[in-house]
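**Student:**
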Amino acid sequence: MSIDQNTAAKVAKLARIKVEDDALPALADEFNTILGFIEQLNEVDVEGVEPMTSVTPQRLKRREDVVNDGNQQPKVLSNAPDAREGFFAVPKVME
Amino acid sequence: MLDLTYELPKPKVISGAKHDWELVIGLEVHAQVSSNAKLFSGASTQFGAEPNSNVAFVDSAMPGMLPVINEYCIEQAVRTGLGLKAQINLKSAFDRKNYFYPDLPQGYQISQLYHPIVGEGEVLVELGNGTARNVRIERIHMEQDAGKSIHDMDPNMSFVDLNRVGVCLMEIVSRPDIRGPEEAAAFVGKLRQIMRYLGTCDGNMQNGNMRADVNVSICRPGDYEKYQETQDFSHLGTRCEIKNMNSMRFIQQAIEVEARRQIAIVEAGGTVDQETRLYDVEKGETRSMRSKEEAHDYRYFPDPDLLPLEIEQEWVDQIAATLPELPDDKKARFISDFGLSDYDASVLTADVESAAYFEAVAEGRNGKLAANWVINELFGRLKADDKDISNCPVTPEQLGGIVALISAETISGKIAKDLFEIVYTEGGDPALIVEERGMKQVTDTGAIEAALDQIIADNPAQVEKAKVNPKLAGWFVGQVMKATGGKANPKAVNQLVAQKLGE
Numbered sequence: 001m002s003i004d005q006n007t008a009a010k011v012a013k014l015a016r017i018k019v020e021d022d023a024l025p026a027l028a029d030e031f032n033t034i035l036g037f038i039e040q041l042n043e044v045d046v047e048g049v050e051p052m053t054s055v056t057p058q059r060l061k062r063r064e065d066v067v068n069d070g071n072q073q074p075k076v077l078s079n080a081p082d083a084r085e086g087f088f089a090v091p092k093v094m095e
Numbered sequence: 001m002l003d004l005t006y007e008l009p010k011p012k013v014i015s016g017a018k019h020d021w022e023l024v025i026g027l028e029v030h031a032q033v034s035s036n037a038k039l040f041s042g043a044s045t046q047f048g049a050e051p052n053s054n055v056a057f058v059d060s061a062m063p064g065m066l067p068v069i070n071e072y073c074i075e076q077a078v079r080t081g082l083g084l085k086a087q088i089n090l091k092s093a094f095d096r097k098n099y100f101y102p103d104l105p106q107g108y109q110i111s112q113l114y115h116p117i118v119g120e121g122e123v124l125v126e127l128g129n130g131t132a133r134n135v136r137i138e139r140i141h142m143e144q145d146a147g148k149s150i151h152d153m154d155p156n157m158s159f160v161d162l163n164r165v166g167v168c169l170m171e172i173v174s175r176p177d178i179r180g181p182e183e184a185a186a187f188v189g190k191l192r193q194i195m196r197y198l199g200t201c202d203g204n205m206q207n208g209n210m211r212a213d214v215n216v217s218i219c220r221p222g223d224y225e226k227y228q229e230t231q232d233f234s235h236l237g238t239r240c241e242i243k244n245m246n247s248m249r250f251i252q253q254a255i256e257v258e259a260r261r262q263i264a265i266v267e268a269g270g271t272v273d274q275e276t277r278l279y280d281v282e283k284g285e286t287r288s289m290r291s292k293e294e295a296h297d298y299r300y301f302p303d304p305d306l307l308p309l310e311i312e313q314e315w316v317d318q319i320a321a322t323l324p325e326l327p328d329d330k331k332a333r334f335i336s337d338f339g340l341s342d343y344d345a346s347v348l349t350a351d352v353e354s355a356a357y358f359e360a361v362a363e364g365r366n367g368k369l370a371a372n373w374v375i376n377e378l379f380g381r382l383k384a385d386d387k388d389i390s391n392c393p394v395t396p397e398q399l400g401g402i403v404a405l406i407s408a409e410t411i412s413g414k415i416a417k418d419l420f421e422i423v424y425t426e427g428g429d430p431a432l433i434v435e436e437r438g439m440k441q442v443t444d445t446g447a448i449e450a451a452l453d454q455i456i457a458d459n460p461a462q463v464e465k466a467k468v469n470p471k472l473a474g475w476f477v478g479q480v481m482k483a484t485g486g487k488a489n490p491k492a493v494n495q496l497v498a499q500k501l502g503e
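Residue numbers (UniProt numbering), protein chains in the order written: chain P, 1 to 95; chain L, 1 to 503.
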């Protein structure tokens, strides 16, 4: 698999990262290096091997169904560039 | 247990300009888990709170915050799976679905693409008149809800409320087994009923606690059967997905409108593009959500913040042991134990509260009579009063008392209605009211005979007419009922009238 400049531009757009046109060839090259490494990894036979998800055996930590957070509207909105009447105010987005 | 057998419903056929077309429908139903706190944070799920007040920093995606799963939500997903006779996966995992939208602060939704917690199941969808279809469930997975954008509060800005962000949804995905708009609505209705029985989702569609994405395609008659035989989708048309429907009525409208749109395209020689569409209720049309298309590349990957979810069979068995009697079983039991019709049993098992109410009324009494009174008198009266079973002023014991009085022929059916009205508006013990207000049925033929004799004596002309035209006997019955204040036993009156007029 090879990543061309168009694909690199698309990936950047999907990730909402601005990349200037003249930076795209280098970015595409980097992607190709990464994918090349992954292809190399794919050569390893892992038939029947469970993916390792943590180094020491652990169980997913769980919480009880108790409300013990929230009620902090001012804090939640404190970093918003614009907030009105308790809402985040953002440029109009309409379907 | 009575086994109910059904015929398959006929698929909906729409006539195009050239051909007949059939519909193929699959649904993705998003059901909000009835939890107190969110799936991965301790913020409340309460509907209607001040904007951005039910938000933990996990929900607003502040850097460094980590999700911790709500065990109750896992339990409800398992419970729902068991209720849909589905396979429970002891090992499941969470993935990130990446897209950008102002109401999604994380920039991804935590979902379960590759390893859902619940696998294949099925739902029996009844359509009345003895028809029903088994709709296959493909999977149920848990995921986070997004926030809410409000577009009409300001001409230039959208307002965002994150209260719903991170609330636990179960996405229930059906196979394309649904063959018409009514079936689609019935499927959603059945899921809602089952989840309300289970207590896993309150099913409130108005509040958005249950929403559906509807996949619609069209095919020529015969093609669908080929698909079912081979499970090969190439026999079916290209599907479009109508997003975010939260009313049964709109689901039906949207399916019909979308099918007709596809038929027009195909018959004109065009091809249907696979895309996401929105149903515009006002215009009665579906339109493309072009903005969603580019973003459709969700770049899923396993969420590195969350270990795989492993549950134990023992826990699943414990949950299974606490499942209530489900609607299909309850309905079958009502039919076999109480001798109810299929229709009456369906009405009474529509929700747990009605079913429990009916059972309390019918306990040790005439089940059919109890069903008639609950459905026709009680439900009718509640509806007229804009009430439902949860704020019903008549207790099952009171209604049961009325039913018992009718069965014992202590009161007539007509008086029973008066008695019901008294109990409904004033309360009180029916038996006592009957006693105190002299509502007992007069079965003493002597008293009835006396009243009838008087009427016959007063109306000789009517008697002559009735002898020629037996239908006029009803007039005498009515007069006797009137004279006895409706308390005469109608059967006894009928007999006496027939006897006297025949003399």
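We put the CB at the ideal spot given by N, CA and C, even for glycine.
Just verifying my parser: in three-state terms, what is the DSSP assignment at C392 (chain L)?
**Tutor:** Locating residue 392 (chain L) in the second sequence gives position 392, counting from the first residue. Three-state DSSP puts C392 (chain L) in coil, outside helix and strand.
**Student:** Give the list of continuous alpha helix (DSSP H) stretches no shorter than 4 residues that lie fully inside the UniProt domain "Asn/Gln amidotransferase" (356 to 501) of chain L.
**Tutor:** 367 to 372, 380 to 384, 396 to 407, 413 to 426, 430 to 436, 445 to 458, 460 to 468 and 473 to 483
**Student:** Classify S54 (chain P) as helix, strand or coil using the three-state DSSP reduction.
**Tutor:** Here residue 54 (chain P) is taken as the residue at index 54 of the first sequence, counted from 1. Coil, per DSSP.
**Student:** Which of the three DSSP states is assigned to V11 (chain P) in this structure?
**Tutor:** For the purposes of this step, residue 11 (chain P) is taken as the residue at position 11 of the first sequence. Of the three classes helix, strand and coil, the one that applies to V11 (chain P) here is helix, per DSSP.
**Student:** For chain L, is any of its Cβ atoms less than 8 Å away from the one on L41 (chain P)?
**Tutor:** If you number the first sequence from 1, residue 41 (chain P) lands on position 41. L41 (chain P) does not count as touching chain L.
**Student:** Using the beta-carbon of each residue, which ones in chain L are nearer than 7 Å to M94 (chain P)?
**Tutor:** By one-based count along the first sequence, residue 94 (chain P) stands at place 94. Listed along chain L, the residues sitting closer than 7 Å to M94 (chain P) by beta-carbon distance are H151.
**Student:** Given a cut-off of 8 Å, decide if S41 (chain L) and V29 (chain L) are closer than it, judged by their beta-carbon atoms.
**Tutor:** Taking the first residue of the second sequence as 1, we reach residue 29 (chain L) at position 29. Taking the first residue of the second sequence as 1, we reach residue 41 (chain L) at position 41. Result no, Cβ atoms of V29 (chain L) and S41 (chain L) do not sit closer than 8 Å.
**Student:** Would you mind sorting K383 (chain L) into buried or exposed? The rule is 16 or more other CB atoms within 10 Å of its CB.
**Tutor:** One-based indexing of the second sequence puts residue 383 (chain L) at position 383. Result: exposed.
**Student:** Check P63 (chain L) in the structure and name its three-state DSSP category.
**Tutor:** Position 63 of the second sequence, counted from the start, is the residue given in the question as residue 63 (chain L). P63 (chain L): coil per DSSP, three-state reduction.
**Student:** Can you find a CB in chain L that lies within less than 8 Å of the CB of Q58 (chain P)?
**Tutor:** On the first sequence, position 58 is the one that residue 58 (chain P) refers to. Yes, because at least one Cβ of chain L sits closer than 8 Å to the Cβ of Q58 (chain P).
**Student:** In or out: M94 (chain P) buried (at least 16 other Cβ within 10 Å) or exposed?
**Tutor:** As a first step, residue 94 (chain P) is located in the first sequence; it is residue number 94 there, counting from the start. Classification of M94 (chain P): exposed, given that the 10 Å Cβ count is below 16.
**Student:** If I follow the unbroken beta strand (DSSP E) through Y224 (chain L), where does it start and stop?
**Tutor:** For this step, residue 224 (chain L) is matched to residue 224 along the second sequence. Segment D223 to T230 is the alpha helix (DSSP H) holding Y224 (chain L); no beta strand (DSSP E) there.
**Student:** Would you check if the distance between the CB atom of D202 (chain L) and the CB atom of V167 (chain L) is smaller than 8 Å?
**Tutor:** The residue given as residue 202 (chain L) occupies position 202 in the second sequence. The residue given as residue 167 (chain L) occupies position 167 in the second sequence. No; because the gap between Cβ atoms is not below 8 Å, this pair is not in contact.
**Student:** Hey, how far is the Cα of G486 (chain L) from the Cα of F420 (chain L)?
**Tutor:** Here residue 486 (chain L) refers to the residue found at position 486 when the second sequence is read from its first residue. Here residue 420 (chain L) refers to the residue found at position 420 when the second sequence is read from its first residue. Their backbone Cα atoms lie some 15 Å apart in a straight line.
**Student:** Using a cut-off of 9 Å between C-beta atoms, extract the partners of E310 (chain L) located in chain P.
**Tutor:** Locating residue 310 (chain L) in the second sequence gives position 310, where the first residue counts as 1. Chain P residues near E310 (chain L): R59 and L60.
**Student:** Measuring from the CB of V272 (chain L), is there a heavy atom of the ligand MG at a distance below 7 Å?
**Tutor:** The ligand MG is absent from the structure shown, which contains no ligand whatsoever.
**Student:** Going along the chain, which unbroken runs of the alpha helix (DSSP H) with 4 or more residues stay wholly within the segment 255 to 299 of chain L?
**Tutor:** 290 to 294
**Student:** Using a threshold of 8 Å, state whether the C-beta atoms of A378 (chain L) and V394 (chain L) are closer than that.
**Tutor:** Translated into positions along the second sequence, residue 378 (chain L) becomes position 378. Translated into positions along the second sequence, residue 394 (chain L) becomes position 394. Note that residue 378 (chain L) is Leu in the sequence shown, not Ala. The answer is yes: Cβ separation under 8 Å.
**Student:** State the start and end residues of the unbroken beta strand (DSSP E) segment that holds I311 (chain L).
**Tutor:** Position 311 of the second sequence, counting from 1, holds the residue named residue 311 (chain L). That residue, I311 (chain L), is in no beta strand (DSSP E); it is neither H nor E in DSSP.
**Student:** On the DSSP bridge assignment, give the partners of R239 (chain L) in chain order.
**Tutor:** Taking the second sequence and counting its residues from 1, the one referred to as residue 239 (chain L) is at position 239. DSSP lists no partner for R239 (chain L).
**Student:** Write down the C-beta distance between E22 (chain L) and P221 (chain L) rounded to the nearest angstrom, noting that I regard them as a contact closer than 8 Å.
**Tutor:** Indexing the second sequence from 1 puts residue 22 (chain L) at position 22. Indexing the second sequence from 1 puts residue 221 (chain L) at position 221. Right, the Cβ-Cβ distance comes to about 6 Å (below 8 Å), so this counts as a contact.
**Student:** Given that a residue counts as buried once 16 or more other Cβ atoms are within 10 Å of its Cβ, and exposed if not, what is V281 (chain L)?
**Tutor:** The residue given as residue 281 (chain L) occupies position 281 in the second sequence. Around the beta carbon of V281 (chain L), a 10 Å sphere encloses fewer than 16 other beta carbons of the protein chains shown; the residue is thus reported as exposed.
**Student:** Among the candidates L:N489, L:T45 and L:R365, whose CA atom is the shortest distance from the CA of V66 (chain P)?
**Tutor:** Within the first sequence, the letter at position 66 stands for residue 66 (chain P). The shortest C-alpha separation from V66 (chain P) is found at L:T45.
**Student:** Does the distance from the CB of A254 (chain L) to the CB of I265 (chain L) come in under 8 Å?
**Tutor:** In the second sequence, residue 254 (chain L) corresponds to position 254, counting from 1. In the second sequence, residue 265 (chain L) corresponds to position 265, counting from 1. Their beta carbons are not under 8 Å apart, which means A254 (chain L) does not touch I265 (chain L) by this criterion.
**Student:** Does any residue of chain P bring its CB to less than 8 Å from the CB of L2 (chain L)?
**Tutor:** Counted from its first residue, the second sequence places residue 2 (chain L) at position 2. Per-residue confidence for L2 (chain L) stands at a pLDDT of 45, beneath the threshold of 50, marking its modelled position as unreliable; the derived number appears in the next sentence. It does not: the Cβ of L2 (chain L) has no partner Cβ on chain P nearer than 8 Å.
**Student:** Could you check whether V403 (chain L) and V347 (chain L) sit closer than 8 Å to each other, using their CB atoms as the reference points?
**Tutor:** Position 347 of the second sequence, counted from the start, is the residue given in the question as residue 347 (chain L). Position 403 of the second sequence, counted from the start, is the residue given in the question as residue 403 (chain L). No, the pair does not count as a contact, with Cβ atoms beyond the cut-off.
**Student:** Under 9 Å between beta-carbons, which chain L residues line up against L27 (chain P)? List them in chain order, please.
**Tutor:** Position 27 of the first sequence holds residue 27 (chain P). Here the premise fails: no neighbours, minimum Cβ distance about 16 Å.
**Student:** Using three-state DSSP, classify H30 (chain L) as helix, strand or coil.
**Tutor:** Residue 30 (chain L) sits at position 30 when you count from the first residue of the second sequence. In the structure shown, H30 (chain L) sits in a strand (DSSP, three-state: E or B).
**Student:** Output the boundary residues of the beta strand (DSSP E) element that contains I117 (chain L).
**Tutor:** Within the second sequence, the letter at position 117 stands for residue 117 (chain L). Run containing I117 (chain L): none; DSSP gives neither H nor E here.
**Student:** For the putative contact between I411 (chain L) and K440 (chain L), defined by C-beta atoms under 8 Å, what is the C-beta separation to the nearest angstrom?
**Tutor:** Looking up residue 411 (chain L) in the second sequence gives position 411. Looking up residue 440 (chain L) in the second sequence gives position 440. With a Cβ gap of about 7 Å, I411 (chain L) and K440 (chain L) count as contacting.
**Student:** Under a three-way DSSP split, which group does D303 (chain L) fall into?
**Tutor:** Here residue 303 (chain L) is taken as the residue at index 303 of the second sequence, counted from 1. Note: D303 (chain L) maps to coil in three-state DSSP.
**Student:** Which residues of chain P have a Cβ atom closer than 8 Å to the Cβ of Y72 (chain L), listed in chain order?
**Tutor:** By 1-based counting over the second sequence, the position of residue 72 (chain L) is 72. Those are E64 and D65, listed as they occur along chain P.
**Student:** Can you name, in chain order, every residue of its own chain whose Cβ lies under 7 Å from the Cβ of A492 (chain L), other than the five neighbours on each side?
**Tutor:** The residue labelled residue 492 (chain L) in the question sits at position 492 within the second sequence. Correct list, in chain order: T443, T445 and I448.
**Student:** Under 8 Å between beta-carbons, which chain L residues line up against F87 (chain P)? List them in chain order, please.
**Tutor:** As a first step, residue 87 (chain P) is located in the first sequence; it is residue number 87 there, counting from the start. Those within 8 Å of F87 (chain P) in chain L are P51, N52, I150, M153, F159, V160 and D161.
**Student:** If we ignore side chains and look at the alpha-carbon of each, how far apart do D429 (chain L) and L340 (chain L) end up?
**Tutor:** By one-based count along the second sequence, residue 429 (chain L) stands at place 429. By one-based count along the second sequence, residue 340 (chain L) stands at place 340. Their Cα atoms are separated by approximately 27 Å.
**Student:** Pop quiz: R79 (chain L) and I319 (chain L) are said to be a contact at Cβ under 8 Å. What is the actual Cβ separation, rounded to whole angstroms?
**Tutor:** Residue mapping note: residue 79 (chain L) aligns to position 79 of the second sequence, counting from 1. Residue mapping note: residue 319 (chain L) aligns to position 319 of the second sequence, counting from 1. At roughly 5 Å, the Cβ-Cβ gap stays under 8 Å, so R79 (chain L) and I319 (chain L) are in contact.
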